[in-house]
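Scroll down for the structure; my scribbles are underneath it.
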Amino acid sequence: MYLNKEDEKILRGEQGLGNQKAMEVLVAIGDIFDAEKLIKISSSHLSSVAYESSGDTGISFLERMIIDGAHFKVLTTLNPHSIEYDRWKELAFPEAYVKKQLRNIEAYKKLGAVGTFTCTPFLVGNCPRYGEHVSWAESSALSYINTVIGARTNRESALSALCAGIIGKTPYYGFHLNENRKGTVLIDVKTVLKHSSDYSAMGYNIGKKVEGKVPVFNNIPQNVKGYDINALCAALAVSGAVPMSHIIGITPEAPTLEKAFRNDNPEEKITFDRVELEETYEDRCMKESGIEIDLAVLGCPHYWYDQLAETARLLNGKKIHKDVDLWVNTSSSIMTVAKRTGYIDIIEASGAKVMCSYCPAVARNFFGWKTMATDSTKQTFYGHGVLGVDVLFGTTEQVINAAISGKWGVKV
Ligand code: F3S
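Take 20 as the starting number for the sequence shown in the numbering used here and just add one per residue.
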């Protein structure tokens with residue numbers, strides 16, 4: 020990979036050991052992927068903020084980088100983590116564990132990162148423009164900005180995004196290049212998608228079929244909500260590691276099918292209809308009504324303002340079951356605005372908690388939960404794998420009803 024004089028100086032250690040280590044990582048990645056050169060980025064977004072992901076080794080690495088003089092050169096925001104930052108005492112997270120989590124956060128802050136603690140950084144001030152090169156590591160968020168904004172990032176790891184943020188550059192390969200952003204698989208959507216959970220189900224289904232390719236979704240309504248696409252992107256990323264899709268008429272690079280495929284033919288055509296949608300709900304959900312739940316999770320990806328408004332409408336005047344925790348995840352800035360409009364008070368009057376730095380997928384099951392209901396296929400994947408709970412998947416309304424009754428599929 021070509022390095023300019025400045026890059027070479029950094030690699031020789033002339034700008035400190037921290038910068039040298041970061042550059043060594045970027046050069047190694049660039050060489051593996053045959054990148055031509057490094058390009059400037061305008062921001063990075065980091066995962067592995069959770070102690071659950073970083074562990075003690077990750078913290079030690081960050082603290083070493085601080086001693087070695089590393090500091091972020093570009094706007095660098097942080098993903099959610101393993102505790103609720105502002106309310107960990109009230110929610111009874113174990114103090115010894117909290118201390119480790121806070122030490123990890125402190126290290127990121129000393130490196131110059133912004134404590135956004137959300138997987139929707141584009142809603143809280145880290146929103147790249149069309150065509151802008153960035154280095155992001157949260158799979159749902161990076162897929163969203165590639166797909167909806169037309170910003171350019173690869174599916175970065177925690178380490179590669181960290182090093183890119185420190186150097187302010189990333190290797191020029193993959194989704195930074197025009198030719199790799201071309202659509203390859205046509206997805207003909209032949210059913211009406213009414214709920215965010217429908218988009219999540221479709222993403223989960225299609226992700227498994229296209230694995231890593233660039234799907235092109237046709238027939239998605241032009242008035243689709245941003246949070247529905249966010250749900251779609253999150254699910255595509257979790258089941259198929261898809262970093263980018265085209266949605267005809269919405270993705271800036273895909274005003275038409277011809278443009279999405281760059282006048283080429285799709286490698287494959289897949290139809291997504293009612294049958295596939297229902298099969299995915301069945302696949303992600305233990306279907307029987309009456310199953311008792313003790314955890315309900317909304318806000319994966321972190322809820323947008325309209326989704327909190329809908330949650331407040333569904334919970335208004337209701338009480339959730341005494342044996343159920345209903346945790347609604349969002350970002351602190353969306354929470355602030357929703358508080359001003361009264362939605363947070365309505366939601367919390369029901370007994371639910373609105374969290375603004377937490378993600379159950381990178382946390383520990385400290386509370387003995389056994390069965391979780393959620394409106395996110397991504398959360399079903401991690402709920403089972405990380406929290407070790409049985410999972411039920413449905414619409415937001417079905418999840419809220421289950422939280423109120425304490426049982427899945429019981430009308431309230
Ligand atoms: Fe966000 Fe965690 Fe879901 S990072 S996308 S809430 S798994």
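Glycine included, every Cβ here is placed at the ideal spot set by N, Cα and C.
Is there at least one non-hydrogen atom of the ligand F3S closer than 7 Å to the beta-carbon of residue i?
| i | result |
| --- | --- |
| Glu-175 | no |
| His-64 | no |
| Cys-146 | no |
| Asn-98 | yes |
| Lys-397 | yes |
| Cys-138 | yes |
| Ala-380 | yes |
| Ser-352 | no |
| Asn-348 | yes |
| Pro-285 | no |
| Tyr-401 | yes |
| Cys-319 | yes |
Which of the three DSSP states, helix, strand or coil, is assigned to residue i?
| i | result |
| --- | --- |
| Lys-118 | helix |
| Tyr-218 | helix |
| Arg-31 | coil |
| Arg-171 | strand |
| His-340 | coil |
| Leu-345 | strand |
| Cys-252 | helix |
| Met-354 | helix |
| Gly-151 | One detail in the question is off: residue 151 reads as Glu in this sequence, not Gly. Coil at Glu-151, not helix or strand. |
| Thr-135 | coil |
| Ile-312 | coil |
| Lys-426 | strand |
| Leu-327 | helix |
| Glu-286 | coil |
| Leu-196 | coil |
| Tyr-191 | coil |
| Pro-262 | coil |
| Tyr-223 | helix |
Output the boundary residues of the alpha helix (DSSP H) element that contains residue i.
| i | result |
| --- | --- |
| Val-46 | 36-51 |
| Ser-179 | 177-186 |
| Ile-58 | Careful: Ile-58 lies outside any alpha helix (DSSP H), inside the beta strand (DSSP E) at 57-59. |
| Lys-278 | 276-279 |
| Asp-302 | 293-303 |
| Lys-372 | Per DSSP, Lys-372 belongs to no alpha helix (DSSP H); it is in the beta strand (DSSP E), 372-374. |
| Ala-392 | That residue, Ala-392, is in no alpha helix (DSSP H); its beta strand (DSSP E) goes 390-393. |
| Leu-94 | Premise fails: Leu-94 lies in the beta strand (DSSP E), 94-97, not in any alpha helix (DSSP H). |
| Tyr-21 | That residue, Tyr-21, is in no alpha helix (DSSP H); it is neither H nor E in DSSP. |
| Ala-368 | 362-368 |
| Tyr-163 | 158-163 |
Taking 7 Å as the cut-off, is the beta-carbon of residue i closer than that to any non-hydrogen atom of the ligand GDP?
| i | result |
| --- | --- |
| Gln-120 | Questions concerning the ligand GDP fall outside what the structure shown contains, since the ligands it does hold are the ligand F3S. |
For residue i and residue j, I'd like the C-alpha separation in whole angstroms.
| i | j | result |
| --- | --- | --- |
| Lys-28 | Lys-40 | 12 Å |
| Tyr-163 | Ala-250 | 9 Å |
| Thr-307 | His-340 | It should be noted that the sequence gives Glu, not Thr, for residue 307. Whole-angstrom Cα-Cα distance: 19 Å. |
| Thr-135 | Gly-402 | 23 Å |
| Cys-375 | Asn-98 | 11 Å |
| Ser-264 | Asp-283 | 16 Å |
| Leu-94 | Tyr-149 | 17 Å |
| Gly-131 | Asn-420 | 42 Å |
| Val-153 | Thr-396 | 27 Å |
| Gly-49 | Arg-281 | 27 Å |
| Gly-309 | Thr-96 | 42 Å |
| Ile-102 | Tyr-116 | 9 Å |
| Leu-30 | Glu-43 | 6 Å |
| Ser-351 | Ile-366 | 15 Å |
| Met-354 | Pro-379 | 18 Å |
| Val-381 | Tyr-218 | 23 Å |
| Tyr-21 | Leu-178 | 21 Å |
Which stretch, first to last residue, makes up the beta strand (DSSP E) that contains residue i?
| i | result |
| --- | --- |
| Val-208 | 204-208 |
| Asp-87 | Per DSSP, Asp-87 belongs to no beta strand (DSSP E) and is neither H nor E. |
| Asn-237 | 234-237 |
| Val-410 | 409-412 |
| Ser-62 | 62-65 |
| Thr-399 | No beta strand (DSSP E) contains Thr-399, which is instead part of the alpha helix (DSSP H) from 396-401. |
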